[in-house]
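Under the working numbering, think of the first position of the sequence shown as 31, with each following residue one higher. The beta carbon of each residue, even a glycine, is placed where N, CA and C say it ideally should be.
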Amino acid sequence: MLGDPDHILLLGSHADKKAGMVRFDRFFPAQWEVSIVLAPELRGQRFGEELLTMAIQHFVSLHPEASLVAEIKRNNTASCRLFCALGFVREADDCELARYTLAKQEHK
């Protein structure tokens, strides 16, 4: 994965400690999947919104033509709220996953 242009991994820190990571994976020429993982002690403090916003801004500077997709477990209400707060729209769901999309013109 290192050096692979179809994968981008961004790490976030808080108070000089590892705080989380945002990952972007290309699965169509102009469509990428985004995912986020936060340190448990930082959850519920709006750090995820800050980290994801900064990561998307950086990603868009590299790939302004891209649209983003997030697949989130339906019972992960915190992640569902986070992605909706950043302009992602729920498009579809199956038994366990909900799919959210952010079109390129909606990038913040």
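Beta carbon of G74, beta carbon of L112: below 7 Å? Pairing G74 with L112 gives a Cβ-Cβ distance that is not under 7 Å.
Are there 16 or more other CB atoms within 10 angstroms of the CB of S91, so buried, or fewer, so exposed? When all chains shown are included, S91 counts as exposed.
Quick check on V119: buried or exposed, where buried means 16 or more other Cβ atoms within 10 Å of its Cβ? So V119 ends up on the exposed side.
For S109, count neighbouring Cβ atoms within 10 angstroms of its own Cβ and tell me buried if that reaches 16, exposed if not. Burial state of S109 is buried, judged by a 10 Å Cβ sphere holding 16 or more other Cβ atoms.
Would you grab the beta carbon distance between A128 and I86 for me? Rounded to a whole angstrom, and I think it's under 8 Å. About 19 Å separates the two Cβ atoms, so there is no contact after all.
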